[in-house]
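In terms of UniProt numbering, the sequence shown has 28 at position 28, counting the first letter as 1, and numbering is strictly consecutive.
We put the CB at the ideal spot given by N, CA and C, even for glycine.
Below: one structure, written as structure tokens.
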Amino acid sequence: MRDAFTSGRMPRGGMGGGPAGGFQGGDFSDLFGGGSQQDIFSSIFGGGQRGPRKGADLQSEITISFRNAIFGIEATIPVSSRGSGASSVTTRIPAGISDGAKIRLAGRGADGAGGKGDLYVIVHVTKHPVFTRDGANLLMSLPVTFTEAALGADIKIPTLEGDEVTVRIAPGTPSGRTLRVKGRGVKTTKQQGDLMITVDVQVPQRVDGKAKQALEEFAEATKDFDPRADLAQRARA
């Protein structure tokens, strides 16, 4: 059977039991109403003519500030296409967009007989000197003095919106403790993040005069406090 199909014919007396019942010369046209093999396979595998093709998709990039990424901005995006040269598109960058996110602008790509392709815009976000981001939360480090951490203090914190909020530093707050200000993070269509503040206790590099004397008196007054009392024991665990 395999050799018969390879050579383009069936052996005499093959399927059907005789010359009248077999395939004569391997001609498939009789099986499908006289059509050619090309017509048959075209109908099976969709070989009909296709419609006009859409234009090519294009890609562009834009860099925006951290603040504009959080609140959104209307931006002009450069577009370069072979044959049509350089142009630009103005669109709204949505609030809360992340660094590296890709925006699809339908119908803003290259021209084609079947219509324009799409434009894909990659958004880059610059770093902020104070704030960083973790999902919908804004993060910041808050420098405090030794006395503020030891005695407690109410400290005003600048926000990305431009106003201030007051946070309470409890007496004895250690460096590295995180405070939360609800609802002052990144607002997206799905959620509202928080502002997360990490306390960073700062120690003066130089201490002299009255400050040195005061610290020496403080050290004497708190000599019973040993933050490393169980360090050796925990190290052997």
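In angstroms, rounded to a whole number, what distance separates the CA positions of Ile-73 and Asp-194? Here residue 73 refers to the residue found at position 73 when the sequence shown is read from its first residue. Here residue 194 refers to the residue found at position 194 when the sequence shown is read from its first residue. Each residue's Cα considered, the two are about 21 angstroms apart.
Among the candidates Thr-166, Leu-142, Ala-150, Leu-138, whose CA atom is the shortest distance from the CA of Leu-160? The sequence position of residue 160 within the sequence shown is 160, counting from 1. Closest option to Leu-160, Cα to Cα, is Leu-138.
Could you check the C-alpha separation between Arg-184 and Asp-163 for me, to the nearest Å? Mapped onto the sequence shown, residue 184 falls at position 184. Mapped onto the sequence shown, residue 163 falls at position 163. Each residue's alpha carbon lies about 11 angstroms from the other.
If you pair each beta-carbon of the stretch 141-152 with each one of the stretch 200-211, do three or more pairs fall below 8 angstroms? yes
Pairing CB atoms from the stretch 61-77 with CB atoms from the stretch 86-99, are three or more of them under 8 angstroms? yes
Determine the burial state of Gly-55: buried for a count of at least 16 other Cβ atoms within 10 Å of its Cβ, exposed for fewer. Counted from its first residue, the sequence shown places residue 55 at position 55. Its Cβ being crowded by 16 or more others within 10 Å, Gly-55 is buried.
What are the boundary residues of the beta strand (DSSP E) that includes residue 240? In this structure the chain extends from 1 to 237, so residue 240 is not present and cannot be described.
Can you name the residues that DSSP bridges to Val-121? The count along the sequence shown starts at 1 and reaches residue 121 at position 121. According to DSSP, which records beta bridges pairwise, Val-121 is partnered with Ser-60, Ile-103.
Please classify Gln-213: does DSSP put it in a helix, a strand, or coil? Against the sequence shown, residue 213 aligns to sequence position 213. It is helical.
DSSP three-state label for Glu-74, please. Numbered from 1 along the sequence shown, position 74 holds the residue referred to as residue 74. Reduced to three states, the DSSP call for Glu-74 is strand.
What span of residues does the beta strand (DSSP E) with Gln-202 cover, start to end? For the purposes of this step, residue 202 is taken as residue 202 along the sequence shown, with counting starting at 1. From DSSP, the beta strand (DSSP E) with Gln-202 extends over 195-202.
Taking Arg-180 as part of the beta strand (DSSP E), name the residues at either end of that continuous run. The sequence position of residue 180 within the sequence shown is 180, counting from 1. Note, Arg-180: beta strand (DSSP E), 178-181.
Reference Lys-190, options Ala-136, Ala-170, Arg-177, Lys-182, closest by Cα: As a working note, residue 190 is residue 190 in the sequence shown. Among Ala-136, Ala-170, Arg-177, Lys-182, the Cα nearest to that of Lys-190 belongs to Ala-136.
Which whole-angstrom value describes the C-beta separation of Gly-112 and Arg-67, a residue pair presumed to lie in contact below a C-beta threshold of 8 angstroms? If you number the sequence shown from 1, residue 112 lands on position 112. If you number the sequence shown from 1, residue 67 lands on position 67. About 38 angstroms; that fails the 8 angstroms criterion.
From Arg-234 to Ala-219, what does the alpha carbon distance come to, in whole angstroms? Locating residue 234 in the sequence shown gives position 234, counting from the first residue. Locating residue 219 in the sequence shown gives position 219, counting from the first residue. C-alpha separation (whole angstroms): 25 angstroms.
How big is the Cα-Cα spacing for Pro-174 and Ala-153? Against the sequence shown, residue 174 aligns to sequence position 174. Against the sequence shown, residue 153 aligns to sequence position 153. C-alpha separation (whole angstroms): 13 angstroms.
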